[in-house]
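From first to last, the protein sequence lines are chains A and B.
In this text, residue positions in the first sequence follow the numbering used here: the first is 277, and each later residue adds one.
In this text, residue positions in the second sequence follow the numbering used here: the first is 45, and each later residue adds one.
Every residue, glycine too, gets a C-beta built ideally from N, C-alpha and C.
Please read the structure below before turning to the comments.
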Amino acid sequence: MVMTALNDLWHGFGVAFEPHNLMWCFIGVLFGNFVGVLPGLGPMAAISVLLPLTFSMKPVAAILMLSGIYYGAQYGGAICSILLNLPVHPPHAVTCLDGYPMTLKGRGGAALGITMIASFIGASFGITEMIFFAPVLVGFAFKFGPSDICALMLLGLLAGSTLARSSPLKGIAMTVLGLLFGIAGTDINTAEQRFTFGILHMADGIEIVALALGIFGIAEFLKCVNYIKPIAPKDMHVSMRDMLPSREELKTAFPAMWRGTFVGSLCALIPGTGPTIASFVAYALEKKITRTPERFGHGAVEGVASPEASTHSSVQGDFIPTMSLGIPGDAVMALILGALIIQGITPGPQLVREHPDLFWGLIASFWIGNILLIVLNVPLIGIWVKLLTIPYRYLYPSAIFFICIGVYSTTNDLFGVGETLLIGLFGYVLLMLGFHPAPMLLGFVLGPRFEENFRRAMLISDGDLGVFIQRPISASFLGIAVMLLVGQLYVWAQKRRAKAG
Amino acid sequence: MSLNKDKIAGLLLILLGLGAYLEGRTHSLGTLTQMGSGYFPVALGLVLLLIGCLLFVTASPDPADEPATQPHATDQTEPPHLSLDHCPPPDWRGIGCIVGSVISFIGVGHWFGLIPATWVCVFMAAMGDRTSTYREAALLSLLMCALAVGLFHMVLHVQFPLIQFPFGKV
């Protein structure tokens, strides 16, 4: 088992080292690092903007690049948190707590250095986890029937929507709305037009690009315009020498990195718990087990090392359910899954067997990408720090143009651009009302497959809903889902009581 | 009874759920064994309706209560990015310019082609920021026009006439 995995990985390196793939991997991590640094642009917007450009690319190159943006952005995201105390990238928000005090004490460079080490350790562990765990999961997933897949999707959707930010109720509402968006267009079973309102363009359904760019692009810009202040370029000099942590700092940081890595890799395996939750859990754990909790919030090294390691290990591990089961854990993974579908690749357990070059090439590219990121970040840290000062007033107009032309190029039609604008305005209204539209994308991507599998399960069981609890696999998934809901309810009730008392 | 954010959110969901339910009813429902094309939308619509009602009922009656659901800023283990969760009041100039810029991309693009559409779109969007100057915005738009021609037209071969006039291409 181990030998086969290593053998396949060797093959994967062959794929990833093809000059063409290597180039796209490099472009992906470079661009990801770039958008990660910039406040006000995130990996979601970046992946959605570049998604249409990948349509003409080969599947392997396209997925390597889009994934590169995602994990590359995690390297850049920490810079903003540590040096400026700007928690604009959710997984790195917790790094602000101790990263910024370190900057105030003049150890900002060292904090960045520790972040880089922690990132690499975390990512390496996440990748290793994927190498050995994903094939096992695939073997298991082949036993799934339609009802099991349905139950798993339900679990993924529930976890993705309730564990995210804001209230669980609103999260579930967003997922259901996403499912509805997903089934708009021509029904595959009956060829009936649903939710098309007689518009011919809608027969193909809503474009994933239009939805993603609407809610992560336009809606975000509508919310942030004139609220992101330009950053003064003072105090923004970090050189490579500054990044060297002291021996004492390393000594406290190393065990914390391993703890963080462990937390992150666990979080990656639970559907719906992405890097953001991993980093908060890791920080809370550090604070709990330390003998000197009073140092936290005043520049404790562990408070930087552990969350960063857990973020990176969970980012890499995030790919496990997406690539081996075809069930994305969060909105970014839903986008990657969307890219796979656009490339004509059916996501699911058969992906590893049918497209080994894609699966193992992707894993190999993770290693290459992470090494490239270290090379990019350590000597060039000064340049990335300078990039922080690019004002928002240049960024968002350029991004809007990219959105317009990107959506246009998917269908060669201006209708899609209008669709994006409408979705963007709708997304902004949702943001105003305290919703987080990200789970919508999860529902959108899974919508048609959920309906199809549900239909199939009902056809096989002759309309007996009991099949979901009779089959052990689906019953256990549903059991976990129920536990999740009960847990959420409990937390909600506690909060309510605390508020009342 | 005052309408706070959660109440409006609940109402919106009820409306959307009702819409999905009514649209779904125009298709055949079928049975659970042989699900028709309307079955799934109707079910989802009802779920949305239910969530909307729940949200409406559980919404805290006093808008002043709302910040209390957010953790105290002094508690350091709580996510500091919750400030991100708070949507600031709308900035009408920015919103107007962004919406206008996308609409003008569609309109100008339809009649005049890619280059004018890019210029107008970027210029208008840039003017949404209160610190932008006309000069800066114009230069940024020119840069984007160059990118439109260089990257999207020449490299990626996006099918979009560069320049045209409503009464025939030049």
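(request) Taking only runs that begin and end inside the region 314-360 of chain A, name each unbroken alpha helix (DSSP H) of 4 or more residues, in chain order. (result) Within the region 314-360 of chain A, the complete alpha helix (DSSP H) runs of at least 4 residues are 319-326 and 335-360.
(message) Between GLY157 of chain B and chain A, is the shortest Cβ-Cβ distance under 8 Å, so that the two count as touching?
(response) Your numbering for residue 157 of chain B matches position 113 in the second sequence. Not one chain A Cβ lies under 8 Å of GLY157 of chain B.
(request) Give the interface partners of PHE307 of chain A over in chain B, defined as CB-CB distance under 9 Å, in chain order. (result) The residue you call residue 307 of chain A lines up with position 31 of the first sequence. Residues of chain B passing the Cβ test: none, with the nearest at roughly 13 Å.
(message) Let me see if you follow: with CB-CB separation under 8 Å, is HIS125 of chain B close to chain A or not?
(response) As a working mapping, residue 125 of chain B is identified with position 81 in the second sequence. With a pLDDT of 35 at HIS125 of chain B, under the threshold of 50, the modelled position of that residue is not reliable, and the figure given next carries that caveat. Taking Cβ atoms only, chain A reaches closer than 8 Å to HIS125 of chain B, which makes this a yes.
(request) Please compile the residues from chain A whose C-beta is within a distance smaller than 8 Å of the C-beta of VAL86 of chain B. (result) For the purposes of this step, residue 86 of chain B is taken as the residue at position 42 of the second sequence. Residues of chain A passing the Cβ test: none, with the nearest at roughly 11 Å.
(request) Spell out whether any CB of chain B is found under 8 Å from the CB atom of PHE711 of chain A. (result) For the purposes of this step, residue 711 of chain A is taken as residue 435 along the first sequence, with counting starting at 1. Put simply, the CB of PHE711 of chain A is near chain B, with a gap under 8 Å to one of its CB atoms.
(request) Drop a sphere of 10 angstroms on the beta-carbon of HIS296 of chain A, count the other beta-carbons inside from all chains shown, and report buried for 16 or more, exposed for fewer. (result) Position 20 of the first sequence, counting from 1, holds the residue named residue 296 of chain A. A residue is called buried when at least 16 other Cβ atoms come within 10 angstroms of its Cβ; HIS296 of chain A does not meet this threshold and is exposed.
(request) Can you give me the start and stop residues for the alpha helix (DSSP H) that LEU765 of chain A sits inside? (result) Taking the first residue of the first sequence as position 1, residue 765 of chain A is located at position 489. For LEU765 of chain A, the enclosing alpha helix (DSSP H) has its first and last residue at 748-776.
(message) For a contact defined as C-beta to C-beta under 7 Å, what are the partners of GLY153 of chain B on chain A?
(response) The residue given as residue 153 of chain B occupies position 109 in the second sequence. LEU690, listed in chain order.
(message) Given a cut-off of 8 Å on the beta-carbon distance, is the pair THR686 of chain A and PHE331 of chain A in contact?
(response) Against the first sequence, residue 686 of chain A aligns to sequence position 410. Against the first sequence, residue 331 of chain A aligns to sequence position 55. Contact flag set, yes.
(message) Our contact map puts VAL628 of chain A next to PRO411 of chain A with C-beta atoms below 8 Å; I'd like the distance itself, whole angstroms only.
(response) Looking up residue 628 of chain A in the first sequence gives position 352. Looking up residue 411 of chain A in the first sequence gives position 135. That pair is a contact at about 7 Å.
(message) Determine, for ILE358 of chain A, whether the minimum Cβ-Cβ distance to residues of chain B falls below 8 Å.
(response) Working through the first sequence from its first residue, we reach residue 358 of chain A at position 82. Under the Cβ criterion of 8 Å, ILE358 of chain A is not counted among the residues facing chain B.
(request) Provide the residue span of the alpha helix (DSSP H) that contains ASN729 of chain A, from first to last. (result) Here the question's residue 729 of chain A lines up with position 453 in the first sequence. Here the alpha helix (DSSP H) through ASN729 of chain A covers 714-736.
(request) Enumerate in chain order the residues of its own chain whose CB-to-CB distance from PRO632 of chain A is below 6 Å, with the five nearest sequence positions on each side excluded. (result) Mapped onto the first sequence, residue 632 of chain A falls at position 356. For PRO632 of chain A, where only same-chain residues beyond five positions count, there are no Cβ hits under 6 Å.
(request) Report all residues from its chain with a CB closer than 7 Å to the CB of GLY74 of chain B; omit the five preceding and five following residues, and keep chain order. (result) Here residue 74 of chain B is taken as the residue at index 30 of the second sequence, counted from 1. Hits under 7 Å: GLY80 and TYR83.
(message) Please identify, using Cβ separations under 7 Å, the residues of the region 724-736 of chain A that lie next to chain B, in order along the chain.
(response) The region 724-736 of chain A vs chain B, Cβ under 7 Å: GLU727, ARG731, MET734 and LEU735.
(request) Compute the beta-carbon to beta-carbon distance between ARG470 of chain A and PRO85 of chain B, rounded to the nearest angstrom, for a pair I have assumed lies under 8 Å. (result) The residue you call residue 470 of chain A lines up with position 194 of the first sequence. The residue you call residue 85 of chain B lines up with position 41 of the second sequence. With a Cβ gap of about 6 Å, ARG470 of chain A and PRO85 of chain B count as contacting.
(message) Can you pull the chain A neighbours of VAL143 of chain B, defined as C-beta to C-beta under 9 Å?
(response) In the second sequence, the residue the question calls residue 143 of chain B occupies position 99. Near VAL143 of chain B (Cβ distances below 9 Å), the residues of chain A are ILE494, LEU498, LEU697, GLY700 and LEU701.
(request) For ILE142 of chain B, I'd like the list of residues in its chain whose CB is within less than 6 Å of its CB, leaving aside the five on either flank, ordered along the chain. (result) As a position in the second sequence, residue 142 of chain B is number 98, starting the count at 1. The beta carbon of ILE142 of chain B lies closer than 6 Å to those of ALA169 and GLY172 in the same chain, with the five residues before and after it left out.
(message) Checking the sheet assignment: what are the DSSP bridge partners for GLY461 of chain A?
(response) The count along the first sequence starts at 1 and reaches residue 461 of chain A at position 185. GLY461 of chain A is bridged to A:ARG470.
(request) Answer with yes or no whether the minimum CB distance from GLN203 of chain B to chain A is below 8 Å. (result) The sequence position of residue 203 of chain B within the second sequence is 159, counting from 1. Taking Cβ atoms only, chain A reaches closer than 8 Å to GLN203 of chain B, which makes this a yes.
(request) Quick one: residues in its chain with C-beta nearer than 6 Å to the C-beta of SER145 of chain B, no 5 flanking neighbours on either side, listed in chain order? (result) Taking the second sequence and counting its residues from 1, one reaches residue 145 of chain B at position 101. For SER145 of chain B, where only same-chain residues beyond five positions count, the Cβ hits under 6 Å are CYS165, MET168 and ALA169.
(request) Could you spell out where the alpha helix (DSSP H) holding GLU578 of chain A opens and where it closes? (result) Along the first sequence, one-based indexing puts residue 578 of chain A at 302. Membership of GLU578 of chain A in the alpha helix (DSSP H) is indicated by the continuous run 578-593.
(message) Considering just the uninterrupted stretch of the alpha helix (DSSP H) at GLY682 of chain A, what are its terminal residues?
(response) Counted from its first residue, the first sequence places residue 682 of chain A at position 406. Unbroken alpha helix (DSSP H) run through GLY682 of chain A: 668-687.
(request) Please name the residue or residues paired with GLY74 of chain B in a DSSP beta bridge. (result) Residue mapping note: residue 74 of chain B aligns to position 30 of the second sequence, counting from 1. Answer is B:MET79, bridged to GLY74 of chain B.
(request) Would you verify that the beta carbon of VAL146 of chain B is, or is not, closer than 8 Å to some beta carbon of chain A? (result) Residue mapping note: residue 146 of chain B aligns to position 102 of the second sequence, counting from 1. Yes, VAL146 of chain B lies at the interface with chain A (some Cβ there is under 8 Å from its Cβ).
(message) Taking its Cβ as the centre, do 16 or more other Cβ atoms sit within 10 Å of GLY780 of chain A, making it buried, or is it exposed?
(response) Residue 780 of chain A is absent from the structure shown; chain A starts at 277 and stops at 777.
(request) Using three-state DSSP, classify ILE647 of chain A as helix, strand or coil. (result) Indexing the first sequence from 1 puts residue 647 of chain A at position 371. Of the three classes helix, strand and coil, the one that applies to ILE647 of chain A here is helix, per DSSP.
(request) Please list the partners that ALA64 of chain B has in chain A, where partner means a Cβ-to-Cβ separation under 7 Å. (result) Along the second sequence, one-based indexing puts residue 64 of chain B at 20. Result: LEU456.
(message) Looking at PRO363 of chain A: is its Cβ nearer than 8 Å to the Cβ of CYS372 of chain A?
(response) Stepping through the first sequence from its first residue, residue 363 of chain A is reached at position 87. Stepping through the first sequence from its first residue, residue 372 of chain A is reached at position 96. Contact: yes.
(request) Give a yes or no on whether the minimum CB-CB distance between GLY381 of chain A and chain B is below 8 Å. (result) Reading the first sequence from its first residue, position 105 is the one you call residue 381 of chain A. The question names Gly, yet the displayed sequence has Lys at residue 381 of chain A. No, no contact with chain B.
(request) Assign GLY631 of chain A to one of three DSSP states: helix, strand, or coil. (result) Indexing the first sequence from 1 puts residue 631 of chain A at position 355. According to the sequence as given, residue 631 of chain A is His; it is not Gly. HIS631 of chain A falls in the coil class under three-state DSSP.
(request) Answer with buried or exposed for ILE553 of chain A, where buried requires no fewer than 16 other C-beta atoms within 10 angstroms of its C-beta. (result) In the first sequence, the residue the question calls residue 553 of chain A occupies position 277. Classification of ILE553 of chain A: buried, given that the 10 Å Cβ count is 16 or more.
(request) Verify the CB distance criterion: does GLU468 of chain A have a CB-CB separation below 8 Å to chain B? (result) As a first step, residue 468 of chain A is located in the first sequence; it is residue number 192 there, counting from the start. Closer than 8 Å to some Cβ of chain B, the Cβ of GLU468 of chain A qualifies, so yes.
(request) Compute the distance between the beta-carbons of VAL608 of chain A and PRO319 of chain A, then report whether it is under 8 Å. (result) Here residue 608 of chain A corresponds to residue number 332 of the first sequence, with the count starting at 1. Here residue 319 of chain A corresponds to residue number 43 of the first sequence, with the count starting at 1. Contact: yes.
(message) Counting only Cβ-Cβ distances shorter than 7 Å, please list the residues of the region 158-171 of chain B near chain A, keeping chain order.
(response) Result list: THR162, CYS165, VAL166, ALA169 and ALA170.
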